[in-house]
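Here is the structure we will look at.
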Ligand code: PLP
């Protein structure tokens with residue numbers, strides 16, 4: 001049997017991570033994966049998470065199977081966090097715990113396929129590396145819309161023009177904030193126009209939230225999602241707790257579905273549970289229990305918010321620092337491109353060969369498309385990354 005297996009495509013990001021592992025240069029710097037690292041290169045367990053884990057360890061009596069929708073306190077807390085406290089859109093939504101954001105994307109893609117087999121889902125160009133594979137694996141067709149222009153600015157005109165072609169039966173996957181890989185988001189006005197387009201033309205927004213809290217602050221980062229939720233009857237949201245709770249390996253997230261009314265949701269939860277049953281049965285409890293414990297306790301919640309704000313401020317300081325250094329090295333135009341971006345990633349204005357040279361000459365690893373994890377850049381290495389970028393630009 002196994003001799004029939006053709007060589008499968010290798011995940012480009014993990015492939016680069018392996019190449020980094022084999023690099024013997026002591027100064028090598030891994031900015032490939034989207035993982036927050038402090039100045040010592042560690043991805044810390046957040047203090048609020050650690051405290052919640054201690055409390056849970058003291059009171060947990062059993063690891064018996066949980067319900068098919070996962071941790072219900074977590075699901076409630078996610079609905080309130082994403083859609084806002086006190087009614088509104090959350091009253092016509094259901095949430096099911098998933099295996100992180102990726103699990104939510106896949107479960108919701110399955111839901112789309114159950115209702116509209118072979119439907120078209122629009123994704124940004126460029127997109128998060130796993131969007132197309134997940135959607136295609138679920139049996140959906142993929143089309144793309146423009147996201148940034150040649151100067152690396154949000155291409156509102158191109159975006160609206162492309163999505164004007166989206167049909168009633170289509171679904172449009174939008175990253176709610178801190179776009180991966182570009183670090184470029186539409187303006188508040190462009191989101192308004194997008195929401196109007198969705199409402200007029202009837203396509204279903206499918207929002208991917210993986211970086212809320214790491215761009216302009218939690219509420220601001222969720223504003224576009226809430227705006228869409230208020231304007232359209234139906235919407236899907238994939239939520240990841242990997243980055244903003246630092247729960248990467250605990251695989252914590254949830255799938256949210258909004259319907260025109262509560263009655264319209266009657267089969268949704270069971271459909272999502274059935275989809276999960278055939279994929280992984282049930283999601284892991286630990287991360288969801290931790291998030292619920294943090295969000296349900298005023299003290300832990302405040303501590304988490306402060307830590308999240310601290311991470312966001314550090315990411316911003318890294319970005320500003322890199323832009324300033326680059327400007328100081330005679331590259332003001334490239335510095336301005338970087339300064340406009342937000343979130344965990346920066347898209348360096350470098351070509352693929354320049355990114356390869358950045359790797360071979362300066363030991364700085366980003367993706368070939370130019371993306372670097374600005375949240376993983378130690379403060380004392382900012383100058384050397386700027387020198388590398390200016391160096392390859394000058395060659
Ligand atoms: N969506 C986007 C845009 C991402 O960048 C990521 C991870 O990098 C995910 C979803 C999935 O995150 P996870 O499955 O680790 O929660």
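Numbering (full-length UniProt numbering), first residue to last: 1 to 395.
C-beta: ideal position from N, C-alpha, C; glycine also.
Since we're looking at a predicted model, the values are computed, not measured.
Within 10 Å of its beta-carbon, does residue i have 16 or more other beta-carbons around it, so buried, or fewer, so exposed?
| i | result |
| --- | --- |
| residue 64 | exposed |
| residue 9 | exposed |
| residue 97 | buried |
| residue 354 | buried |
| residue 341 | buried |
| residue 283 | buried |
| residue 288 | buried |
| residue 266 | exposed |
| residue 88 | exposed |
| residue 396 | In the structure displayed, the chain extends from 1 to 395; residue 396 sits before or after that span and is not available. |
| residue 14 | exposed |
| residue 270 | exposed |
| residue 62 | exposed |
| residue 196 | exposed |
| residue 185 | buried |
| residue 1 | exposed |
| residue 12 | exposed |
| residue 26 | exposed |
| residue 133 | exposed |
| residue 404 | With the chain covering only 1 through 395, there is no way to say anything about residue 404. |
| residue 281 | exposed |
What does a CB cutoff of less than 6 Å around residue i pick up in its chain, not counting 5 residues either side in sequence?
| i | result |
| --- | --- |
| residue 176 | 207, 209, 224, 225 |
| residue 66 | 285 |
| residue 335 | 323, 326, 327 |
| residue 37 | 43, 376 |
| residue 318 | 374, 377 |
| residue 337 | 152, 349 |
| residue 250 | 286, 287 |
| residue 180 | 128, 345 |
| residue 275 | 107, 110 |
| residue 392 | 354, 357, 358 |
| residue 248 | 242 |
State yes or no: is the C-beta of residue i within less than 9 Å of the C-beta of residue j?
| i | j | result |
| --- | --- | --- |
| residue 279 | residue 103 | yes |
| residue 229 | residue 253 | no |
| residue 135 | residue 129 | no |
| residue 171 | residue 163 | no |
| residue 111 | residue 272 | yes |
| residue 95 | residue 255 | yes |
| residue 236 | residue 311 | no |
| residue 77 | residue 306 | no |
| residue 106 | residue 124 | no |
| residue 369 | residue 331 | no |
| residue 39 | residue 309 | no |
| residue 257 | residue 140 | no |
| residue 92 | residue 260 | yes |
| residue 120 | residue 347 | no |
| residue 343 | residue 315 | yes |
| residue 264 | residue 234 | yes |
| residue 174 | residue 205 | yes |
Excluding five sequence neighbours on each side, which residues of the same chain lie with their C-beta closer than 7 Å to the C-beta of residue i?
| i | result |
| --- | --- |
| residue 45 | 246 |
| residue 24 | none |
| residue 414 | The question about residue 414 has no answer here: the residues shown for the chain are numbered 1 through 395. |
| residue 212 | 176, 177, 218, 221, 222, 244 |
| residue 191 | 224, 227 |
| residue 364 | 29, 31, 358, 385, 388 |
| residue 90 | 79, 80, 83, 84 |
| residue 69 | 75, 96, 97, 269, 273 |
| residue 55 | 293 |
| residue 116 | 169 |
Using a threshold of 8 Å, is the CB atom of residue i nearer than that to any non-hydrogen atom of the ligand GDP?
| i | result |
| --- | --- |
| residue 158 | No copy of the ligand GDP occurs in the structure displayed; its ligands are the ligand PLP alone. |
Nearest chain B C-beta to residue i closer than 9 Å, yes or no?
| i | result |
| --- | --- |
| residue 357 | Among the chains of the structure shown, chain B does not appear; only one protein chain is present. |
Short of 8 Å in beta carbon distance, which residues of its chain neighbour residue i, apart from the five on each side in sequence? Order them along the chain.
| i | result |
| --- | --- |
| residue 149 | 155, 158 |
| residue 193 | 156, 160 |
| residue 187 | 154, 156 |
* Write down every uninterrupted run of the beta strand (DSSP E) in the stretch 120–194 whose length is 3 residues or greater and which is fully enclosed by it, in chain order. => With a minimum length of 3 residues, the continuous beta strand (DSSP E) runs that stay inside the stretch 120–194 are 120–125, 141–146, 171–175.
* Give, in chain order, every unbroken run of the beta strand (DSSP E) that is at least 3 residues long and sits entirely within the stretch 355–387. => Runs of the beta strand (DSSP E) inside the stretch 355–387: 371–373.
* To do: Could I get the ranges of all uninterrupted alpha helix (DSSP H) runs contained in the stretch 51–124, with 4 residues as the minimum, in chain order?
  => Runs found: 72–83, 100–115.
* Jot down the residue ranges of each uninterrupted beta strand (DSSP E) in the stretch 251–296, minimum 3 residues, whole runs only, in chain order. => For the stretch 251–296, whole beta strand (DSSP E) runs of length 3 or above, ordered along the chain, are 252–258.
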